[in-house]
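Worksheet: one structure, shown below.
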Amino acid sequence: MVQEFGIEDPDCYETASKLEIWRSAMKAEMESIEKNHTWSLVDLPHKCKRIGVKWIFKTKTDEEGKITKHKARLVAKGYSQREGIHFTEVFAPVARMDTIRMIISAAAYKGWKMHQLDVKSAFLQGEIEEDVYVDQPRGFEIKGREHCVYKLHKALYGLKQAPRAWFSKIESHFMSNGFMNCESEQTLFTKTDKKGSIIIVSVYVDDLIFTGNDQGMMMEFKKCMVDMFDMTDLGSMTYFLGIEVKQTEHGIFICQKKYVEEVLKRFGMEECNAVNCPMVPSTLFESNGDKDKPIDETYYKQIVGSLMYLTTTRPDIMFSVSMLSRSMAKPTEHHLQLAKKVLRYLRGSTGMGIFYHKETKGRELLAYTDSDFAGDKKDRKSTSGYIFLISGGAVAWSSKKQPIVTLSTTEVEFIAAAMCACQAIWMKRESEQRRSIELKFCGTHDQLADIMTKPLKKSTFLKLRKEIGMCTEEEII
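Counted the way UniProt numbering counts, the sequence shown spans residues 1 to 477.
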C-alpha cells in the first residue's frame, strides 16, 4: 500500500477527516459531483429504499512510484441493489489487452505517437433511467435536512449499472462525431477523413488511449474530449493500467518493471537467487500425494493472481502461470516451490518486456500454434498454445488446457489450430473470405508456440523469448 509521511491510505472517513490532504480530496470529489448535476436532495418517497455510500481513499503514483495525487472517491454500496428495482442491464464492454497491444504495435510500425486521456469522474457522466436514492455522504450532510436523501440523475461509482451508463454515454458521443465502431471490438473506435487522415481510439473504462497520422485531428479530438467530459490530458502514453510504455524513434517498448518489483517485495523474494528459466523440462507438476504438505490457499492464490496480471506483457511466463493456476483448489508445498521458481526467474528478468519495431520488421500478422499430447498425467488432457506477432513483437498469446481428451496427435493438433484460427479471424476480420489464413508446417526448432505448451531447456527458452520480441529497455538500440 502506498504511504505518505509514513501513513497508509485511510480505510475510513474518521481517519481521513483528520488530515488536510484527504479533506481537500473529499471536497474536490463533492464539487465534481455537484458540477456534473449528479443528484438532487429530496425526501425519500414512501416504500422506497435508500442505498448507503462510503468514502474510498487512494494515493495515486506514476511509473516511478512518485505521488501524483490523493484521490477520494464517493462510492455507492451497490451490493444492496435489487435487480428490477435499482437496475436492469449492467453489462459494459472493456477493451481486451490484445486490442491494446495491437494498437501499440500499429503505432510503432507507422511511427505514430500514442496519447492518453483520463476521465476525472467517468461514471458520474453516465445517465441512469431507474429511480435510485442514496444517503448523504459522511461529512457533507446538509444542516436541517439530515433526513433527506439524494435522488440520482447520473451514476455513482459502485452502482451496478454505472459502467454501462458511462460506456453508453461515451459511445453515443463518438458515433455522433463521425467515429466508426469496430464490429469485433466494441471499445475500439476509428475516424477517417477524405485526406486519408485517421485516428484510432480505445476505451478502457475511464482511460482512453489514441493514436493517428494527423496531429491536427488528434489535437482537435483531445480538446473536444477534455471540454465535453472534464478529462485530464496525460500527454504522451507512458503508464497505462500498470504497463510502462517507452516510445522511441525505433519503436515502442512495453513492460511491467515496477509491478514486478512490487510483487517480489510483497512475497519476500526481492533478494532471492535468480534463475534463467521459469520451468525446466524435468519439472513435475503433480504433487506427491499425501507426502506433500498442504499450504494456505489464499497465499498461493495471491501469488498466482499477481503472476496472471503480469502476463499482460510477459508471454515468457504464460505457460508456467497456466500450469500453476490448475492447482488453486488444493495447493501443496510442491506447487509453492514451483511458483517461487517463477518469482526467482522474474528476479533475474525484472525489466524484460516487448519491443515493437518501426518498419524494420514485418507488419503482416503472423501466428504460431502448437500443443503437447496428454500432458496432464491426471486426466490425460492436452495443452494448446498460440502466439501472434506484429512488428516483430508478440501481441496475443494463450496457453490453455483443452476441454476434451484427445485420442491422437492429429486430433490434438487440429483442436489447437482451430483455436488459433478463431483468434486470427477475430484479429483480422473476413480473413477466411479472402483466404488469407494459410496453414504451414513449422519445424520444432522454429516453433515459437512451444514456449506456450511445455517447459523448455535454457538455450531453447532464451532463443524463443528473443524471437517473440522480448528484451530489456537497454537492448532496444
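No residue lacks a Cβ here, since even glycine has one placed at the ideal position from N, Cα and C.
Nothing here was measured: the structure is a model prediction, and the numbers come from that model.
When the Cα atoms are used, what is the spatial distance from A162 to H86?
Roughly 11 angstroms separates the two Cα atoms.
Do the CB positions of S399 and T453 come within less than 8 angstroms of each other?
Closer than 8 angstroms, so yes.
Which runs of the beta strand (DSSP E) spanning at least 3 residues fall entirely within the stretch 187 to 274, listed in chain order?
Listed in chain order, the beta strand (DSSP E) elements of length 3 or more contained wholly in the stretch 187 to 274 are 188 to 192, 198 to 204, 207 to 212, 231 to 236, 243 to 248, 251 to 255.
Run of the beta strand (DSSP E) containing H70, from where it starts to where it stops
Counting along the chain, the beta strand (DSSP E) containing H70 begins and ends at 67 to 76.
Could you tell me whether the stretch 54 to 67 touches the stretch 235 to 244, where touching means 3 or more Cβ pairs closer than 8 angstroms?
Taking 8 angstroms as the limit for Cβ pairs, the verdict is that the stretch 235 to 244 does touch the stretch 54 to 67.
Going by C-alpha to C-alpha distance, which of I104, A92, E14, I51 sits closest to G393?
The shortest C-alpha separation from G393 is found at I104.
Rounded to a whole number of angstroms, what is the C-alpha to C-alpha distance between K340 and L464?
The alpha-carbon of K340 is positioned some 22 angstroms away from that of L464.
Kindly list the residues whose CB is nearer than 6 angstroms to the CB of E185, restricted to its own chain and excluding five residues on each side of it in sequence; keep chain order.
Taken in chain order, the residues that qualify are T99.
How far does the beta strand (DSSP E) with F56 in it reach, from first residue to last?
The amino acid at residue 56 is misidentified as Phe; the sequence shows Ile. In the DSSP annotation of this structure, the continuous segment of the beta strand (DSSP E) that includes I56 starts and ends at 53 to 61.
Going by Cα to Cα distance, which pick from A122, D372, E127 is closest to L74?
If we check each option's Cα against that of L74, A122 comes out closest.
From this set, T298, G351, F355, L156, which residue's C-alpha is nearest S327's C-alpha?
The candidate whose alpha carbon is nearest that of S327 is T298.
In the structure shown, what three-state DSSP assignment does Q402 receive?
It is coil, neither helix nor strand.
Rounded to whole angstroms, what's the CA-CA distance from T211 to A108? Just pull it up for me.
Spanning the alpha carbons of T211 and A108 requires a straight line of approximately 10 angstroms.
With DSSP collapsed to three states, give me the class of G425.
It should be pointed out that residue 425 corresponds to Ile in this sequence rather than to Gly. Looking at I425 - three-state DSSP - the assignment turns out to be helix.
Compare the C-alpha of I404 against each of A424, E475, S382, T410 and name the closest.
Ranking A424, E475, S382, T410 by Cα distance to I404 puts S382 first.
Unbroken stretches of the alpha helix (DSSP H), 4 residues or longer, contained in the stretch 319 to 401
Taken in chain order, the unbroken stretches of alpha helix (DSSP H) that lie wholly in the stretch 319 to 401 and span 4 residues or more are 333 to 347.
Other residues of its chain near E89: CB distance less than 8 angstroms, five sequence neighbours each side excluded
Q161, R164, listed in sequence order.
Give me the Cβ distance between I199 and T313, rounded to the nearest whole Å; I'm assuming they're in contact under 8 angstroms.
Wrong, their Cβ atoms sit about 25 angstroms apart, outside the cutoff.
Nearest to H146 by CA position, among D214, D43, G385, is which residue?
A small correction: the amino acid at residue 146 is Glu; His does not occupy that position in the sequence shown. When D214, D43, G385 are compared, the shortest CA-CA separation from E146 is found for D43.
Secondary structure of Q116, DSSP reduced to three states:
Strand.
Just to confirm, is the Cβ distance from V342 to P281 under 8 angstroms?
In this structure, P281 does not lie closer than 8 angstroms to V342 by Cβ.
In chain order, what are the residue ranges of uninterrupted alpha helix (DSSP H) at least 4 long that sit wholly in the stretch 118 to 197?
Counting only runs of 4 or more, we get 162 to 176.
In or out: C224 buried (at least 16 other Cβ within 10 Å) or exposed?
Exposed.
For R96, the three-state DSSP class (helix, strand or coil)
R96 sits in coil when the DSSP states are folded into three classes, being neither helix nor strand.
In or out: L336 buried (at least 16 other Cβ within 10 Å) or exposed?
Counting the other CB atoms within 10 Å of its CB gives L336 a total of 16 or more, which places it among the buried residues.
If you compare alpha carbons, which of Y309, M427, M269, E8 is closest to I67?
Closest in C-alpha terms to I67, from the list Y309, M427, M269, E8, comes E8.
Residues near K358 in its chain [Cβ-Cβ closer than 6 angstroms; skip 5 each side]
These residues qualify, in order along the chain: A108, G111, H250, G251.
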